[in-house]
Amino acid sequence: MSLFVEQALNGLQYGMMLFLMAAGLTLVFGVMGLINLAHGSLFMIGAFACAFVAAATGHYWLGLAASLLVSAGVGALIEVGVIRKLYARDYLDQVLATFALILVFSEGTRWVFGSFPLYLNLPELLSGAVTLPGGLQYPVFRLVIILFGAAVAIGLWLLIGRTRLGIRIRAGEADREMIAALGVDIARLYTIVFALGAALAGFAGALVGSIQSVQVGMGEPVLILAFVVVVIGGIGSIKGALIGALLVGMTDTLGKALLPGLFAALGGGSGANAMAATVASMLIYILMAVVLVIRPQGLFGAKA
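Take 0 as the starting number for the sequence shown in numbering that gives the first Met the number 0 and just add one per residue.
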């Protein structure tokens with residue numbers, strides 16, 4: 000039971016991190032109709048901004064703030080300088096252009112920071128472990144990531160559902176030509192949406208870099224999982240991104256933790272661990288396939 004609770008918390012933490020990544024991705028795709036492969040690069044930029052500012056100032060919280068500001072600023076520049084020219088183009092052009100941005104940012108980051116990973120030192124407040132009910136010791140920072148994810152989910156719900164900007168974002172998703180005809184500056188709205196999505200990705204990168212390390216190319220594996228989350232939850236749905244991220248996080252974490260024991264108990268022999276690892280790595284894609292068979296538009300996506 001102790002192992003299950005610990006891994007469930009790990010899955011919740013992993014899911015919240017994926018939600019931060021997928022929320023920006025689904026927001027951009029739902030409102031702007033843009034396939035942004037460079038979203039993982041914004042994840043990496045946020046991590047490097049956090050590591051650089053935290054090392055230069057000695058304050059981790061300033062690093063977190065820098066991850067939001069720098070990734071949002073870079074996102075706004077990308078939208079104005081590159082993305083804005085792609086809205087009327089084919090999806091293939093969007094894919095090629097954003098893939099080119101991946102190469103530019105990867106090589107540019109390697110040129111500035113080098114190829115060696117950077118490491119973040121957590122402040123004393125966020126380091127160590129806390130004792131949960133039942134005597135379980137669990138890292139404080141992983142609990143903080145869960146709280147950050149929940150706070151962002153609530154903030155996005157309030158932004159999209161209760162503010163004038165949220166009304167414009169929902170209207171832009173439904174009929175961009177109509178809101179443009181009603182006098183809404185659609186170009187400015189798109190820049191704000193893209194910058195918001197970039198800020199969420201950069202913030203997720205800073206949190207992940209605090210647990211692991213900050214290195215070039217760290218965003219691409221997370222981007223693949225974020226696309227899985229968006230497909231499961233439904234394109235354009237923040238609620239779907241949250242539910243999909245939690246499902247993916249729990250499925251991946253619990254699968255990798257519990258399947259080896261299950262295969263061994265079933266008499267898997269010497270190859271039980273290898274077989275369990277193979278099946279565990281497939282679980283999230285099996286989950287995605289099952290959801291698409293039942294609901295091709297995703298759990299909370301609108302029917303075409």
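Where a beta carbon is used, it is the ideal one built from N, C-alpha and C, also for glycine.
These figures come from a predicted structure and were not determined experimentally.
- In the pairwise beta carbon analysis, the stretch 197-211 is classified as touching the stretch 57-69: at least three pairs are separated by under 8 Å.
- Here DSSP, grouped into helix, strand and coil, assigns V213 to strand.
- As for any alpha helix (DSSP H) of minimum length 4 sitting wholly inside the stretch 39-66, there is none.
- Between the alpha carbons of G216 and L181 lies a gap of roughly 42 Å.
- Note that the C-beta distance between F42 and M20 is below 9 Å.
- Counting C-beta pairs closer than 8 Å gives fewer than three between the stretch 252-261 and the stretch 220-238, which falls short of the contact rule.
- For secondary structure counted as the alpha helix (DSSP H) over 4 or more consecutive residues, the stretch 125-168 holds these complete runs in sequence order: 139-161.
- L195 carries a helical assignment under DSSP once its states are collapsed to helix, strand and coil.
- Taking P122 as reference, the option from V228, A54 and L241 with the minimal CA-CA separation is A54.
- Taking a 10 Å sphere around the C-beta of M281, we find fewer than 16 other C-beta atoms and assign the residue as exposed.
- Partner residues in a beta bridge of L291, as assigned by DSSP, do not exist.
- Around V94, the same chain offers I34 and L36 as residues with beta carbons nearer than 7 Å, after the five sequence neighbours per side are excluded.
- When rounded, the separation of the alpha-carbon atoms in A273 and L2 is 21 Å.
- Around the beta carbon of R167, 16 or more other beta carbons sit within 10 angstroms, so the residue counts as buried.
- Here the C-alpha atom of I44 lies approximately 37 Å from the C-alpha atom of P132.
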